[in-house]
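Residue numbers (the working numbering), protein chains in the order written: chain E, 1 to 318; chain P, 1001 to 1318. Just so it is clear, CB atoms sit at the ideal spot from N, CA and C, and this is done for glycine as well.
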DNA sequence: TTGTAAGCGTTATCAT
DNA sequence: ATGATAACGCTTACAA
């Protein structure tokens, strides 16, 4: 059974197709009786206009793309929820794509979204090159959770998280502390800086750092024996790392639960583990990001101003 | 700057627009040199064809809708990941929507998806009425994680999970056991049935049941004092419930960690809590579901056969 | 082998 | 107040 079109409704209600269109778009010059007759017919037949035809006519597709580098981290999946919610509030749908940390897949997705005439793209990107591709194609987009100078980005100021943890360790007067996690991270930099600042009271006796990779557990299990147990406090660069590290430590007979533990992300993991964690303002980031994007799309003013919005994380003590 | 169209490419490469179209769709009757000339021009200008025009011509939109009743349960967000992956494998994109357990929002989403001419819909539905609406509109769809007799559904056989737990409790020779969770659930039914079967060796001394609601924690905190501490084993109807229950119990000074605890869903929660849990085969469900849907869409044979596929869960002991 | 033209379902511009 | 018609970007039947 073919889908109903305006033409069908026109025939059924004995008017021209353009009148049906006028009724649907609340055009003023339609006789009341005619409008009612047509509306009744539309109701009865549950007619749904074809958005693709509208898009072809130049109307907004009312749809955004959300392209994430990956979904392994529950964190990005959470983002999907927030982005969807925010977009929906404003009457937009979202196409969700996973680029699996692969530049080519990401490019493929971006192309696909351009073909579909999305109004804009929200992304946690893999490749700057691909972002430039979007720019070249005049496709509005924002970057979530990474600070890219030359384009609109909404991100957590990770260094502040590190500083917060360091301050907390100082307050607690821990003499020996440890950092465990990503080598090149603003979290670590902030932590280091604050620990070594003027009112220095403690030392990082242990820093077990590594680069994130596919098999995180393996990477960690190799490092776990390097633990310096004289440390009183441990700062993990993510909840996931904290979780795996604790498990691996347990395997070799080390229980860290009586130490002061602080992780990062404040996901379900740290909630369940009941350890402190630095919370990233994901919902707010998504909210602000989607809003700016839609602002730029709908108002298309100030299209030349770049917004780099860094939000502060918050240490949640448990 | 306007988006490039086939017409532009045609002018640039000095051929007709239909020749460009033929080149792009690998039509056989195109002279080799012409094809190369056109392809070069397409390359150089990074031309992307407009999919909406194709859809209007009757081509498949190559897009599916995923409508979930809600995303509070991390479980459904996980589904997004699996569905996206499976759809992508087959060259389809997905539009993700949250109906927030609301019949009207769900209807709204379904209409929206029909308007967009999606090829099909995957849903964890709120309302049977809305599913009938889809059916009436001849929109192919499958139901994920609920068994609805009259339509294609892919779900976990929850009662089997309950039975598995009961058997486990029997094996362990626990005399007094408890069920804590959803009142009306196949999990509970299966559990009860097996506990009370021929080779009965134990009793359910405690069953704290309730209906799920918005404020789960509140519901649970009211029930937690009813705990029968003489029970040796507890079966929680979900990981989330187990987590909240344990927390609330702790608040009133009860530590259940030395009891035998089994939850349901085997999400990150039970992994982190290190308690046993019944795993639902989410990935497989998504995989099978999306595949059947696409099968029905592309082959459109056997459109009258209904597939109700129940997969068994698996008790993970920790 | 290639070009011309119709048509997909809308909206908007003209007439009437 | 309403109807006819062009146009959006594409595919395809038909003509050349």
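With 7 Å as the C-beta to C-beta threshold (strictly closer), list the residues of the region 33-62 of chain E near chain P in chain order.
48, 49, 50, 51, 52, 53, 55 and 56
Which chain P residues sit within Cβ distance under 8 Å of residue 81/E?
1071, 1077 and 1098
Report the partner residues of residue 176/E according to the DSSP bridge assignment.
203/E
Sort 1045/P, 1068/P and 1142/P by Cα distance to residue 1291/P and report the nearest one.
1142/P
Put residue 314/E into one of helix, strand or coil per three-state DSSP.
strand
With a cut-off of 8 Å on the beta carbons, I'd call residue 1063/P and residue 1093/P a contact; round off their distance for me.
5 Å
State yes or no: is the beta carbon of residue 1254/P nearer than 7 Å to at least one beta carbon in chain E?
no
Beta-bridge pairing of residue 265/E - partner residues as DSSP gives them:
279/E
Strictly by DSSP, which residues pair up with residue 124/E?
68/E
Looking only at its chain, what residues have a beta carbon closer than 7 Å to the beta carbon of residue 37/E, apart from the 5 residues adjacent to it on each side?
13
Looking at the C-beta of residue 1116/P, does it have a partner C-beta in chain E at a distance below 7 Å?
yes
Less than 8 Å between C-beta atoms, sequence neighbours within five positions excluded: which residues of the same chain meet that for residue 151/E?
131, 135, 141, 142, 143 and 306
Can you pull the DSSP bridge partners for residue 97/E?
67/E
To which residues does DSSP link residue 233/E through a beta bridge?
177/E and 260/E
If you measure beta-carbon to beta-carbon, which residues of the region 1279-1307 of chain P are closer than 9 Å to chain E?
none
In terms of residues, what are the limits of the beta strand (DSSP E) holding residue 1144/P?
1141-1144
Return the bridge partner residues of residue 210/E from the DSSP annotation.
182/E
Between which two residues does the beta strand (DSSP E) harbouring residue 1151/P extend?
From DSSP, residue 1151/P is part of no beta strand (DSSP E); its letter is neither H nor E.
Counting only beta-carbon separations shorter than 7 Å, does residue 1111/P have a partner in chain E?
yes
Amino acids of chain E, ordered along the chain, whose beta-carbon sits closer than 9 Å to that of residue 1094/P:
95, 96 and 97
8 Å contact criterion, which residue 275/E and residue 318/E should meet: CB distance rounded:
6 Å
For the candidate residues 1253/P, 1208/P and 1282/P, whose alpha-carbon lies nearest to that of residue 1184/P?
1208/P
Simplified DSSP state of residue 130/E, which is helix, strand or coil
helix
Cβ contact check for the region 1097-1117 of chain P and the region 50-69 of chain E: 3 or more pairs under 8 Å:
yes
Limits of the unbroken alpha helix (DSSP H) element including residue 25/E
Premise fails: residue 25/E is in no alpha helix (DSSP H) and is neither H nor E.
CA-to-CA distance, residue 181/E to residue 256/E, given in whole angstroms
16 Å
Residue 299/E versus 119/E, 314/E, 206/E and 173/E, residue with shortest Cα-Cα distance:
119/E
Apart from the five residues just before and just after residue 175/E, which ones in its own chain have a Cβ nearer than 8 Å to its Cβ?
201, 202, 203 and 232
Please list the partners that residue 1269/P has in chain E, where partner means a Cβ-to-Cβ separation under 7 Å.
268 and 272
Beta-carbon of residue 103/E versus every beta-carbon of chain P: anything under 7 Å?
no
Quick check on this structure: which residue in 1214/P, 1244/P and 1239/P has the alpha carbon closest to the alpha carbon of residue 1223/P?
1244/P
Do we get a CB-CB distance below 7 Å when we pair residue 84/E with the residues of chain P?
yes
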